[in-house]
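With the numbering used here applied, the sequence shown corresponds to residues 8 to 147, in that order.
Beta carbons are placed, not taken as given, at the ideal position from N, Cα and C, and that holds for glycine.
Input: a single structure, listed below in structure tokens.
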Amino acid sequence: MKNRIVLASALLIGVLLISSACASLAQFQGIWVNTDAGTSGITKIKIDVSGTKVAVQAWGKCHPTDCDWGTVRAMAFAPSVDSDLASTANAIKAIFPEDFKETTLVLTISRNILRVVSLNVFTDSSGRTNYAAEYTFRKT
8 MKNRIVLASA
18 LLIGVLLISS
28 ACASLAQFQG
38 IWVNTDAGTS
48 GITKIKIDVS
58 GTKVAVQAWG
68 KCHPTDCDWG
78 TVRAMAFAPS
88 VDSDLASTAN
98 AIKAIFPEDF
108 KETTLVLTIS
118 RNILRVVSLN
128 VFTDSSGRTN
138 YAAEYTFRKT
């Protein structure tokens, strides 16, 4: 089962890398808010870029204030093995581990819109179904 999840994640990343236009890593930098103000999922993402190092912070919908998932080191991807990462990065992967679940975010940019695929794997033996969700964000 875990191998299938890893394979599905790898395939999804591959599709996103192929379908995204080349961007620079600097284009990801900033604070992004979900275009759906009524989302019950991820509400905001902050991306910090320093050279080719990336950190991602995310917030999820909670009441009365959104839940801060914390900041994690992320991995940037370029379109090919011989590409310059800083000038051609077209995707970022960030993994947010929690006690009961691991969330992998795959972030891409197209036409100044940040697209995020969220892959959620429950690790607590609760029997809950793993799920994927997609979101779009605009820079503030």
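Check                                                                                                                                         : Outcome
Please tell me whether F107 and S133 are closer than 9 angstroms, where the distance is taken between their beta carbons.                     : yes
With A93 as the anchor, note down where its alpha helix (DSSP H) starts and where it stops.                                                   : 92–95
Excluding the 5 residues flanking T50 on each side, which residues of the same chain have their C-beta closer than 8 angstroms to its C-beta? : V40, N41, W66, G67, K68, D73
Pick helix, strand or coil for Q64, following the three-state DSSP scheme.                                                                    : strand
Are V63 and T78 close, meaning C-beta to C-beta below 9 angstroms?                                                                            : yes
Is DSSP giving A33 helix, strand or coil here?                                                                                                : helix
Determine the burial state of I52: buried for a count of at least 16 other Cβ atoms within 10 Å of its Cβ, exposed for fewer.                 : buried
State the DSSP-derived secondary structure class of F129, mapped to helix, strand or coil.                                                    : strand
Answer with buried or exposed for I25, where buried requires no fewer than 16 other C-beta atoms within 10 angstroms of its C-beta.           : Caution applies to I25, whose pLDDT of 46 falls short of 50 and renders its modelled position unreliable; the value that the coordinates give is listed next. I25 should be labelled exposed.
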